[in-house]
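These notes concern the structure reproduced below.
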Amino acid sequence: MSEYIEHDKAGVSVGLVEKKSFAFAEPPNEMILESGARLGPVTIAYETCGELNDDKSNAVLICHALSGDSHVAGYYSEDDPKPGWWDIMVGPGKGIDTDKYFIVCSNILGSCIGSTGPCTYNPKTVEPYGLDFPVVTIGDMVKAQKALLDHLGIKKILSVIGGSIGGMQVLEWCVSYPEMVVSAIPLATTTRHSALAIAFNEVARQAIMADPNWNNGDYYSGAEPDLGLAVARMIGHITYLSDESMRIKFGRQLQDKSDISYNFDADFQVESYLRYQGAKFVQRFDANSFLYITKAADYYDLEKQHGNGSAVEAFSKTKAKFLVVSFTSDWLYPTYQSRAMVQAMKKSGLDVSFCEIEADWGHDAFLLPSKSLTAMVKGFLERVNNENGKEENAL
Amino acid sequence: MRFDLQIIASWIEPGAKVLDLGCGEGELLYFLKKDKQIEGTGIERVESKVTRCIEKGVPVLQGDINEEIQDYPDDTFDYVILSQTLQQVYEPAMLIQSQLRIGKKGIVSFPNFSCWNVRLQLLATGYAPITKQLPYEWYDTPNIRVITLKDFRKFSKEVGFKIIKEVAINTQNQAKSGKIIKFLPTLFATYGIFLIG
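Just so you know, the sequences run in chain order A and B. Using the numbering used here, the letters of the first sequence map in sequence onto residues 1370 to 1764. Using the numbering used here, the letters of the second sequence map in sequence onto residues 547 to 743.
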């Protein structure tokens, strides 16, 4: 996902938030990963907004995508220039209303923004893990989130919400811990990557690994593979946009010049934009984390891992109520993938709503202000919250 | 709520499982959920209407009714409703058969093309009739079929489904009020509503 961190136009915000961390899986009780490898200790960075109610029934878990973090909404300090990455959706009176719900968002396992990942110190060597970090999966990320919720004393999640790779975590939650998940909102996502999505990820990984500074993942004491990571990010950005959005945003406009330069400078605005995004990204993200997270996304296969190849069988493991949303111009996670997911949910007898939002902005549309997305998320959460109360009383 | 929807709602028992094909903004389902605690879901093609449904707390799938109806297992619902849409369906027999496959009962309503004003318009003016129920010119109408109450009864025999109950009503297009027509319904009813099984 791209970064669209903006101030709320109306100035509404959840206010100050604090990044916390939770450590578990201390050796010898390491976390056993899907691959069979052991990892420990594990630290998960997380943030919460809103208040957990007395019966702990209003918890909402938000799962971030590839380059996101636990900072979903609000500000770290009074003079913090930027709010969290989904501040337009999460806050008082917003789509995910912090006056009503207790929101938890954690940095995924394998990332580099507070949680354990390849740039974390390996207790065995007292050096950063680098490629000694075991390959983690979407299932492992969710397992770490589950440990966090156990620690917070949350036994039921009113809703798990996320887009893109965050959406994969949402689906994984529903089938792995069905007794915990009341409802789910997977946005612009899929049960498994298409060859196209894997192909783009592979080109991005190759860009990193081709950078001599990458040095087989061992670069933490010297120059880092910034060029490779920047190119990887540039590729990512192309896939997050669409032909339409690039045409509207850039067209063939030149950057600060009236004519082409007959050299290899950034002539076109789109070139300049991609270079800027790439350069900005390397300041906050670790190249190895990029490799691990994209690999986890490529490996994810809900049908295979949970349904012997059948999505219907996989979804029959959950009773969650679903709101599935796709966007017309998303070519990374096209609507046909969401429709296939919805079809399997119907066949499993699940309560599912689906909407394809008309949007020019490609995959990134799920992060951009959308009145209809906000209204749907809000209405859906209100419904499942009401029904949850009734069902609890009926028992 | 539209008068025909009020009649349809009165036929549905509390707690039933209901699918509304072409549910619009989910008016009927919203009412049934609140008033009769039904478990309901809708199918609607238009994004803005789908958004409104979900906003109101009515589960809905955006899609084409002819395709979306295929995925449900047999007898998933107690009632499958097709209100004021039959006249726009390309393959009505197939749709009604699917309706009765996935639902124990079906409810179908449509504008009655044998109403006296329709007959009179064609006879008197020689132009294709335009009424409040069917307000389009021949070249811009989404209503690709003209159906009368008698046609539907004949159709039920040909396709092989049973009409359990039928009510003929006289109401304007979106009106909340109307009346049930018992005397010469084929002439005086603007809509027919059929419970089928």
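Yeah, the Cβ is synthetic: ideal placement off N, Cα and C, and Gly gets one too. Every value quoted in this text rests on a predicted model; they were computed, and no experiment measured them.
(message) Looking at the strands, I want to know which residues DSSP matches up with residue 608(B).
(response) 590(B)
(message) Rounding to the nearest angstrom, what Cα-Cα distance links residue 702(B) and residue 642(B) in this structure?
(response) 10 Å
(request) Name the residue from 1751(A), 1659(A), 1444(A), 1401(A) whose alpha carbon lies nearest to the alpha carbon of residue 1466(A). (result) 1751(A)
(request) My understanding is that residue 1693(A) touches residue 1710(A), with C-beta atoms under 8 Å, so please give their C-beta distance in whole angstroms. (result) The Cβ separation is near 6 Å, so the contact holds.
(message) I want to verify the contact list: residues of chain B whose CB lies under 9 Å from the CB of residue 1458(A), in sequence order.
(response) Going along chain B, no residue has its Cβ under 9 Å from residue 1458(A), so there is no contact; the nearest lies around 15 Å.
(request) Just the chain B side, please: which residues come within less than 8 Å of residue 1727(A) by C-beta, in chain order? (result) Those within 8 Å of residue 1727(A) in chain B are 593.
(message) Judging by CA-CA distance, which residue of 1686(A), 1557(A), 1385(A), 1410(A) is the nearest neighbour of residue 1447(A)?
(response) 1385(A)
(request) Can you give me the start and stop residues for the alpha helix (DSSP H) that residue 1607(A) sits inside? (result) 1595 to 1609
(request) Answer with buried or exposed for residue 1417(A), where buried requires no fewer than 16 other C-beta atoms within 10 angstroms of its C-beta. (result) buried
(message) Could you tell me the alpha carbon to alpha carbon distance between residue 1398(A) and residue 1513(A), rounded to whole angstroms?
(response) 14 Å
(message) So if I threshold CB-CB distances at 8 Å, which residues from the region 1707 to 1723 of chain A count as touching chain B?
(response) 1708, 1711, 1712, 1715, 1716, 1718, 1720, 1721, 1722, 1723
(request) Could you tell me whether the region 655 to 666 of chain B touches the region 728 to 743 of chain B, using the rule of 3 or more Cβ pairs below 8 Å? (result) yes
(message) Using a Cβ-Cβ cutoff of less than 7 Å, which residues in the same chain neighbour residue 663(B) once the five nearest sequence positions on both sides are dropped?
(response) 677
(request) Return the bridge partner residues of residue 1619(A) from the DSSP annotation. (result) Answer by DSSP bridge pairing: none, since residue 1619(A) is not bridged.
(message) Tell me which residues of the region 556 to 579 of chain B have at least one Cβ-Cβ distance to chain A shorter than 7 Å, keeping chain order.
(response) none
(request) State yes or no: is the C-beta of residue 599(B) within less than 8 Å of the C-beta of residue 606(B)? (result) yes
(request) Give me whichever residues DSSP pairs with residue 1417(A) in a beta bridge. (result) Answer is 1473(A), bridged to residue 1417(A).
(message) Three Cβ pairs or more, each shorter than 8 Å: is that satisfied between the region 624 to 631 of chain B and the region 553 to 566 of chain B?
(response) yes
(request) Would you grab the beta carbon distance between residue 1452(A) and residue 1442(A) for me? Rounded to a whole angstrom, and I think it's under 8 Å. (result) 6 Å
(message) For the region 1517 to 1530 of chain A against the region 1598 to 1616 of chain A, do three or more pairs of beta-carbon atoms, one drawn from each stretch, fall closer than 8 Å, so that the two count as touching?
(response) No, the region 1517 to 1530 of chain A is not in contact with the region 1598 to 1616 of chain A.
(request) Determine, using beta carbons only, whether residue 1601(A) and residue 1567(A) come nearer to each other than 8 Å. (result) no
(request) Starting from residue 602(B), find everything on chain A with Cβ-Cβ shorter than 9 Å and list it in chain order. (result) Under the 9 Å cutoff, chain A gives 1748, 1752.
(message) On the criterion of 16 or more Cβ atoms from any shown chain inside 10 Å, does residue 596(B) qualify as buried, or is it exposed?
(response) buried
(request) Quick one: list the residues of chain A neighbouring residue 731(B), beta-carbon separation under 9 Å, in chain order. (result) The premise fails here: residue 731(B) is roughly 37 Å from chain A at the closest Cβ pair, so nothing lies under 9 Å.
(message) Just to confirm before moving on: does the CB-CB distance between residue 739(B) and residue 653(B) stay below 8 Å?
(response) yes
(request) Would you give the residue range spanned by the alpha helix (DSSP H) that residue 664(B) belongs to? (result) According to the DSSP assignment, residue 664(B) belongs to the alpha helix (DSSP H) that extends over 662 to 671.
(request) Measure the beta-carbon distance from residue 1557(A) to residue 1735(A) and round it to whole angstroms, keeping in mind my assumption that it falls under 8 Å. (result) Approximately 4 Å separates the beta-carbon atoms of residue 1557(A) and residue 1735(A); this is inside 8 Å, confirming the contact.
(request) For chain B, find out if any of its Cβ atoms is closer than 8 Å to the Cβ of residue 1692(A); answer yes or no. (result) Cβ-Cβ to chain B under 8 Å: yes for residue 1692(A).
(message) Closer than 8 Å is the cut-off here; do at least three beta carbon pairs connect the region 1652 to 1666 of chain A with the region 1482 to 1492 of chain A?
(response) Inter-segment contact for the region 1652 to 1666 of chain A and the region 1482 to 1492 of chain A is present: three or more beta-carbon pairs are separated by less than 8 Å.
(message) Can you tell me which residues form a DSSP beta bridge with residue 1497(A)?
(response) 1490(A)
(request) With distances taken Cα to Cα, identify the nearest neighbour of residue 1669(A) among 1745(A), 1615(A), 1562(A), 1569(A). (result) Proximity to residue 1669(A) across 1745(A), 1615(A), 1562(A), 1569(A) peaks at 1562(A), based on C-alpha coordinates.
(message) Against residue 617(B), what residues of chain A qualify as contacts under a CB-to-CB distance less than 7 Å, listed in chain order?
(response) Those are 1712, 1715, 1716, listed as they occur along chain A.
(message) Here's the rule I'm using: 16 or more other beta-carbon atoms within 10 Å means buried, otherwise exposed. How should residue 668(B) be labelled?
(response) exposed
(request) Can you tell me which of 1740(A), 1409(A), 1706(A) puts its alpha carbon nearest to the alpha carbon of residue 1565(A)? (result) 1706(A)
(request) Could you tell me the boundaries of the alpha helix (DSSP H) in which residue 1545(A) lies? (result) First-last of the alpha helix (DSSP H) with residue 1545(A): 1534 to 1545.
(request) Thinking residue 710(B) and residue 743(B) are a contact (beta carbons under 8 Å), I'd like their distance in whole angstroms, please. (result) Contact holds; Cβ gap of about 5 Å.
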